[in-house]
Structures are given as C-alpha cells and as structure tokens.
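Undergrad: Have a look at the structure that comes next, please.
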Amino acid sequence: MRDPGHVAVGTWSGGRFMHFGEQLDEDRLAGLIRPGGGIDTVITADTYGQGDADRLVARALEGVPRDELCAVGAIGHDFYDGERDGARGFPRFTDPRLRGPDDYAGYLRTAAERSLRRCRLERFDLLLLHNPDRTGYTSEKVWDGMSALREAGLTRMIGVAPGPANGFTLDLIDCLDRFGERIDWAMVILNPLEPWPGELVLGAAAERDVRVLTRVVDYGGLFWGDLPPGHEFPRGDHRGFRPAGWTERGHERIELMKPIADRHGLTPLQLACQWNLAHPAVACCAPTLIQESGTGARAIEDKRAELAATPAEVLLSDEEV
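Positions 1230 to 1550 (our numbering) are the ones given, in order, by the sequence shown.
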C-alpha cells in the first residue's frame, strides 16, 4: 500500500473514456496505466465507461505486487439507478429523485464495493468523492458515509474531487471547513496557465493537512509540445470547448517559460509539474496523456516516460514560481 506519488496516470488518458486526442485500444491503454517505470499511482473513476475503466485497471494491474502500486478510485455519479443526461452525464447519487440522506451511506458502500470488484482489489489506497453537488460538499450524511468506507477497510484514505466548473472554489473551501478533519486528499485543476481558481483553495487545504492531487497539468496537451498553434480538434474532443485562440496564446506564454525549464534541465511538461509541486499542499501531478494526430505527433508512451522522469524534489526558486 502506498500514498499517491508525485506523478500519476489517470484512466481519462488515452482518449478512451474521456475524449482527448485519438482513442487507444485496450491493450495500449492498459500498458500506459500499468504501474512501473517511475509511475506507481493509477487513478480511475467508476463512472468512466460505466465501469469499463475499472475493468481496464484490473487488467493493467495483473501481476503487479500490491505493495508496489497506489490505487486511487472515485465514486459519486449513479450510473446504476440514474439515467444519463446527455453531455451532463449521470446524476450524482445525492439527487433527491434517486434517494434521500438516510440512503447515502448505503449507496457509497455499494458503489465502493462494486468498483473494487471490477478493479480486482480488496481496498483502495485513496477513494475520492467524484464531482459532488452542493449536497455532497455540505452533507454530514455524505461524509459519515465516506468515513465509514475508511473504517470498514475499503480504502485507507478518503478525499474529494470537484468537477471543472469554476464555482467549485468556495464549495471546496466550505467542505474543508466542515469536514477537513476527515478528509485526506482533494483533487483540483492546476497548471501555470490555469492558476485560477485552483490556487485559491491550496491555503485552506494546507491549513487542514489535506494533500492535493492536481490534474490538467498539461493545459489541454499544450505542455507536451506536439499540439501546434491553431490545431483543429475533431468533433467531440473536449478541448474544442476551450475559447478560440487558446493554443496560440498558450504557445506564446510557454515560450516565455522555456528559459526557466532549460535552466533546470526540464521539459515544459516537467516544468508545469514542478510549478504545481512548489505550491502548498500539492503532492501529486496527474496530467492527461494524449495521443495527438497528424504530423509531429509524439507517441503517448514517450509522454509517459517524460512524466515519469519528472523530479520529485522541487527545483524551482520562489522567484521562478
């Protein structure tokens, strides 16, 4: 059993369960998320592929000793009893149309046990409350239920993983104020080109000894270096929803950062990870590994190796950050 390492791979990588770049086949994605080669932490969520991502994790973990990996899960979207609402996905388990507060703990227990069975694990190292609504952030019944999973041995640690909406900041700070003594980890979006609003919650996390996982460290793939300015994204790629001109502006700003990266022998992606790790409470970076298309696209396995080579020790000075 391990705590999350300073770098991690999530099952949203590889375009199979979340639409970023080309879709990898199962064999290739399983190899990508398999612990080893400098990355021992894998993150999944039960709602990805309605359990299929969990099953892929089981395949990826075959033969890996349990004490050589860290398994992070996430539950909260009810795809068992809820109906998918288009791009909004499945409802949260706290939706009053599905159940009342007295049934929250029972749902969480069932969801955790099913996810573990699919992953072929006895317990998670960390289990996150995935993309909660207002009830999830504030309900004592919810956090009693999450705490009960830890007490039952289904997970060593518990945490919260807000969705991407900018409004999560106050909700997360409020959640930490209410339940910070119970919460071990939180997950937020953070990178040098998207410091806001993730930076705003780090002080509250540090005050409560809550460690932070950071995602989207790659800024939609731009820090990997093979996404050209003005790239046209295929229909359905999540990055198509970003504002017009973001790749052009991002490239300009990354060019200004390269002297700092060069000074420390870092790639732009490694610099982004180092920048995150230099912040209070941040202990893990989980960028999205993306197989881009077209001329100049790098093999996604090379990107994994680059992530694995990121130094765990922060090399940047306060001025450089």
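Every residue gets a Cβ at the ideal spot worked out from N, C-alpha and C, and that includes glycine.
Is residue 1466 near the ligand FAD, going by C-beta to nearest heavy atom under 7 angstroms?
TA: Questions concerning the ligand FAD fall outside what the structure shown contains, since it holds no ligand whatsoever.
Undergrad: Does the beta-carbon distance from residue 1388 to residue 1357 come in below 8 angstroms?
TA: Contact flag set, yes.
Undergrad: Could you pull out every residue in the same chain whose Cβ sits closer than 6 angstroms to the Cβ of residue 1569, ignoring the five residues on either side in sequence?
TA: An answer regarding residue 1569 cannot be provided, because it is not within the stretch 1230 to 1550 covered by the chain.
Undergrad: Give me the Cα-Cα distance between residue 1368 and residue 1323, rounded to the nearest whole angstrom.
TA: Rounded to the nearest angstrom, the two C-alpha atoms are 10 angstroms apart.
Undergrad: Spatial neighbours of residue 1480 within its chain, please: CB distance less than 6 angstroms, with the 5 preceding and 5 following residues excluded, ordered by chain position.
TA: Contacts found: 1458.
Undergrad: With residue 1359 as the anchor, note down where its beta strand (DSSP E) starts and where it stops.
TA: Per DSSP, residue 1359 belongs to the beta strand (DSSP E) from 1353-1359.
Undergrad: Tell me the DSSP bridge mates of residue 1181?
TA: Here the chain covers residues 1230 to 1550 and nothing more, so residue 1181 does not appear.
Undergrad: I'd like the span of the beta strand (DSSP E) that includes residue 1286, first residue to last.
TA: No beta strand (DSSP E) contains residue 1286, which is instead part of the alpha helix (DSSP H) from 1281-1290.
Undergrad: Would the beta-carbon of residue 1271 fall within 8 angstroms of that of residue 1303?
TA: In this structure, residue 1303 does not lie closer than 8 angstroms to residue 1271 by Cβ.
Undergrad: Taking residue 1531 as the reference, give the member of 1506, 1454, 1347 with the closest Cα.
TA: That would be 1454, whose Cα lies nearest to the Cα of residue 1531.
Undergrad: Report back the beta-carbon spacing between residue 1543 and residue 1506 to the nearest angstrom; my notes put them in contact at under 8 angstroms.
TA: So it is a contact: roughly 5 angstroms between Cβ atoms.
Undergrad: Taking 8 angstroms as the threshold (C-beta atoms), are residue 1285 and residue 1259 in contact?
TA: Contact flag set, yes.
Undergrad: For the alpha helix (DSSP H) that residue 1375 lies in, which residues bound it at each end?
TA: Taken as a continuous stretch (DSSP letters only), the alpha helix (DSSP H) holding residue 1375 covers 1369-1380.
Undergrad: Can you give me the start and stop residues for the beta strand (DSSP E) that residue 1414 sits inside?
TA: Per DSSP, residue 1414 belongs to the beta strand (DSSP E) from 1414-1418.
Undergrad: Count the CB pairs spanning the stretch 1468-1482 and the stretch 1399-1407 that are closer than 8 angstroms, and state whether there are at least three.
TA: No, the stretch 1468-1482 does not touch the stretch 1399-1407.
Undergrad: In the structure shown, what three-state DSSP assignment does residue 1364 receive?
TA: Three-state DSSP puts residue 1364 in a helix.
Undergrad: With DSSP run on the structure shown, which of helix, strand or coil describes residue 1548?
TA: In the structure shown, residue 1548 sits in coil (DSSP, three-state: anything other than H, G, I, E or B).
Undergrad: Would you mind stating whether residue 1334 and residue 1360 have Cβ atoms separated by less than 8 angstroms?
TA: Going by C-beta atoms, residue 1334 is not nearer than 8 angstroms to residue 1360.
Undergrad: Which value, in whole angstroms, describes the spacing of the CA atoms of residue 1281 and residue 1482?
TA: Roughly 38 angstroms between the two C-alpha positions.
Undergrad: From what residue to what residue does the alpha helix (DSSP H) around residue 1498 run?
TA: Note, residue 1498: alpha helix (DSSP H), 1497-1506.
Undergrad: Give the DSSP-derived three-state secondary structure of residue 1515 in the structure shown.
TA: It is a strand residue.
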